[in-house]
Structures are given as structure tokens and as C-alpha cells.
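Protein chains in written order, with our numbering: chain H, 1 to 168; chain S, 1001 to 1112; chain V, 2001 to 2113. Working notes, structure below.
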Amino acid sequence: MTVQNKSRLTVFVLAVLVWAALTDIRKIEELIIGLVVAAIVSLLAGKFFLTGERRQRLWRRVGYGVYYLIHFIWEMIKANVHVAYLVIHPRVPIKPGIIKIKTNLSRETALTVLANSITLTPGTLTIDIDPAKKILYIHWIDVQSTTVEESTRQIGGRFEAILMEVFE
Amino acid sequence: MKSVRWFLGLIILAALFYANFVVFQGDILAKLINVYLFSALFVLYRVLIGPSAADRLVAVDIFGILIVGLLAIIGLANENDFFMDIGLIWALLSFIASLAFAKILEGRSLDD
Amino acid sequence: MIRETLGMSLIFLGIAFDFFGVLGLVRLPDVYNRLQAATKCVTFGSAGVLLGVFILKGFTPFGFKALLGIVFIFLASPVAAHVIARAAHRTNIPLTPSTVTDQYADDQKTQKK
């Protein structure tokens, strides 16, 4: 079985499971519609799901993924309290600016997850990514340092070590 | 001057919240829906006066996410789960619309 | 009983954060700052409301739809914010006067030369 067909089969099974969760699967009409829709979806877009690279030390990576999720939710709660404080303060004490940070991640998935995490955590918003030079441009609502190294340590350092374990 | 405006706004908001949660007689979910509709008024204010096109785009994008929560609470109040379907599809469409408008704003064509 | 208390308190928290986010959309000075406040707070608030609905409803179709909504919001809203911010910067929408640095514009200029 080729990698593409394996990927299509995985998408098909997942789609049928989601359909079973959303509707009453015991009726025969729902079951038929669900199978047809899952087949169409997996034929059209199924080949992008698995890329067929070697997967080593899967359980260790899943463990780091769960740890990353918990860490991320905690950072996100801090971010929201910080923004709520800024918004209800009478003088709106912000000091915005656009800075850039370096990253060591190379896989596209890892870069996307890093950029999305930076957007959802305290005071930072990813504006652009330069994958060739591995530079992220970030709008920071409360600039504390303008050199590349210092801001890399303050912004990217929170996630990069864990993402390295998960994706690389 | 600015702090005077801030204080006035605080008083008005506190009065409105008092009116909503204490004076207004109704179900607790109805009170929460009122808060949501008031937030939606703020978003529409930004859509109306936003100085540039990007401001309006931001407001519309945020409105799409806000609506999902509102529809979830309406569904909870009516004991109907098809409101959640509407919410999911609304979120999908508003996400795609945001991407398309941002591309047009940037001056690129859609198949880029 | 404890399930209802937990769900309702999550819904209250979510609505409070939604309101703060929208307040930020009105009060903050330029596009990028508004995008920051609005994206973070409204995403977190809506996700909180949906999680509360899931806890109240349990493993019914309603609850599953709420869970799907959480996953979708978390994937979609940072991407939309990133695209809007980049489009705004490319069309030269000015930053607020109290901005400290703008290294993105500096780099764009050096690339054009």
C-alpha cells in the first residue's frame, strides 16, 4: 500500500468517526450519507494527511505534545489577564513595536505551530515569516528589548525547546 | 481629560450591568445573551467609524468568532442543537472571507 | 450539580473575556494593537463558552459540535490575524506614534535597494 492510499484510508476512518459522533448513526440513512461524504472527502483531500516520513520514538513525542499543550494553555491564561489589565487601565500603558526573532525550527508544521502559539500568548503577534532566513517578525505590545538575541530568548524560548522535542 | 472620559465610561458600563443583572427580570441565559449583543454593538461601532479598511476587516473577523459563542448560548437556552451547526458554518465562512479580503487588500489576485 | 456549577462559571468567564476583548477593539490606538487584544481575548472567551457548553451537555451531538468549534477556532483565528496584520503592513497603514521600533519596515527597505 502506498503512502497516499494509507493517508486516504486514515482520513476516511477519521471522517466516519466524526460523523458518528455528530449524528445518530443507528439510522440507515445517516450511515449511508456519512459513508458517501467521507469517501468523497478522503478522495479529494486525503493525500495531504500523512507524509510518510519515519516516525521514531512516537510515545515520547506524544508525551511532549501533551506537556506542550498544558504549558500553552497556562501561557494563554496569563496572556488574557495581561490584555484585560491593559484594556481597563485608564491610560492604556502600551509601548508597541515590531521586532524580529530567530528560530532553529525547520519543518513547516513546527514553524506554523510556533507562529500560532506566539500569536495567542502574551503581548505578541506574528506578522511575517521568512522561512529561508528563519526569521519571524513579531508585533510586541510592550517592547522590552530591541536586540534580536534578547527578544529571541524572551519570546521564542518559552516554546522552542519543547517544539524541538515534538517535531524534530 | 482622558481620565474623566474613562470614569464616565466606567459609570455608564456599571449602570448598564446593574440594569442587566439586577433590574432586568429574566432567565440567566437571557441576561448573558444581552451582554453578547452589547459587545456586538461595540464591534459594529468599530466597523462604522474605523479609519482604514484594515480596521473594519479586523472588526468583521472578530465578529465571526464572537457569533459562535453567542449561537452556542442561544442553543443552550432553546435546547436545540442546530444553532451550533449555524455557528460552525458561520465561523468557517467568516474565516475564508477574512483570508479573501486580506488578499484583496494586499493587492494580489485570489489564486495567488 | 458540580457539573452545572463548573459549566456555568466557565461560560461566565468566557463572556467576561469576550467583553474585554471587544473593549480593547474600541479603546486601543492602531490596527495591530486592536488585532492583538481582539484575537487573544475573543478566541479565549469563545473557547471558554464552548467548553462550558460541552461540560453542561456531556457527550451528546451538541457537546461534540462545541468541541469541534473549539478546535476550529484555535486553528483559524491566529491565521486570520496573521494574514490581516501582514496585509495592513504591506498597504502602509501607519503604526501609532508611540511605537518604539519597526524592524520589519527597515528590512523591507534594505531588500528593495
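Idealized CB from N, CA, C, for every residue including glycine. Every value quoted in this text rests on a predicted model; they were computed, and no experiment measured them.
When CB distances to chain H are screened at a threshold of 7 Å, the residues of the segment 2022–2040 of chain V falling below it are Leu2023, Gly2024, Arg2027, Leu2028, Tyr2032, Asn2033, Leu2035, Gln2036, Ala2037, Thr2039 and Lys2040, in chain order.
Straight-line measurement puts the Cα of S:Phe1082 at about 14 Å from the Cα of H:Asp24.
Judged by DSSP secondary structure, V:Thr2005 falls within the alpha helix (DSSP H) whose first and last residues are Ile2002 to Arg2027. A distance below 8 Å separates the beta carbons of V:Gly2021 and V:Gly2045. When secondary structure is reduced to three states using DSSP, H:His89 falls in the coil class, being assigned neither helix nor strand. Taking the Cα of S:Tyr1036 as reference, the smallest distance to any Cα among S:Met1001, S:Asn1020 and S:Trp1006 is reached at S:Asn1020. Closest in alpha carbon position to H:Thr126, among V:Asn2033, V:Gly2007 and V:Phe2064, is V:Asn2033.
Taking 9 Å as the Cβ-Cβ cut-off, the segment 1041–1062 of chain S has no residue approaching chain H.
Contact check for V:Phe2064 against H:Leu22 passes: the beta carbons are separated by less than 8 Å. A buried status is given to S:Arg1046, since no fewer than 16 other beta-carbon atoms sit within 10 Å of its beta-carbon.
V:Thr2091 sits away from V:Pro2029, with the two beta carbons spaced by 8 Å or more. For S:Ser1039, the neighbours in chain V by C-beta distance under 7 Å run, in chain order, Asp2018, Phe2019 and Val2022.
Among the bridge pairs identified by DSSP, H:Thr119 is matched with none. Residue-level contact check: S:Leu1093 does not touch chain V, since none of the beta carbons of chain V fall below 8 Å from its beta carbon. Under DSSP, the beta-bridge partners assigned to H:Gly97 are H:Trp140.
Three or more Cβ pairs closer than 8 Å define a contact, and the segment 2077–2093 of chain V meets that threshold against the segment 1095–1110 of chain S. Taking the Cα of V:Phe2017 as reference, the smallest distance to any Cα among H:Asn80, H:Tyr67, H:Leu111 and H:Thr152 is reached at H:Asn80.
If you look at H:Thr10, you'll find it isn't in any beta strand (DSSP E); it sits in the alpha helix (DSSP H) that goes Val3 to Leu22. Going by beta carbons, S:Ala1040 and S:Phe1007 fall outside the 8 Å limit. With distances taken between CA atoms, H:Ala110 lies nearest to H:Glu165 out of H:Glu165, H:Thr10 and H:Pro96. With the rule of 3 Cβ pairs closer than 8 Å, the segment 2041–2057 of chain V counts as touching the segment 2069–2082 of chain V. Nearest to V:Pro2078 by alpha-carbon distance, out of S:Val1058, S:Glu1106 and S:Val1068, is S:Val1058. By the neighbour-count definition (other C-beta atoms within 10 Å, threshold 16), H:Trp140 is a buried residue. If you keep only unbroken alpha helix (DSSP H) runs of at least 4 residues inside the segment 2031–2090 of chain V, you get 2031–2057 and 2061–2090. Rounded to the nearest angstrom, the Cβ distance from S:Gly1087 to S:Val1060 is 16 Å, too far for a contact under 8 Å. At a cut-off of 8 Å between beta-carbon atoms, S:Ser1003 makes contact with chain H. No Cβ of chain S is located within less than 8 Å of the beta carbon of V:Leu2067. DSSP, reduced to helix, strand and coil, places S:Asp1055 within a helical segment of the structure shown. Assignment of beta-bridge partners to H:Leu125 by DSSP yields H:His139.
Under the criterion of beta carbons closer than 8 Å, H:Met76 and H:Leu120 qualify as touching, at roughly 6 Å. Judged by their CB atoms, S:Ile1033 and S:Leu1071 are not nearer to each other than the 8 Å cut-off. Close CB contacts of V:Ile2093 within its chain, under the 7 Å cut and outside five residues either way in sequence, are with Val2031 (chain order).
Nearest to H:Leu31 by C-alpha distance, out of H:Gly46, H:Ala15, H:Leu44 and H:Ala45, is H:Ala15. Per DSSP, the beta bridge partners of H:Asp130 are H:Ile135. Distance from the CA of S:Leu1029 to the CA of H:Phe72, rounded to the nearest whole angstrom, comes to 30 Å. Between the alpha carbons of V:Leu2035 and S:Asn1080 lies a gap of roughly 33 Å.
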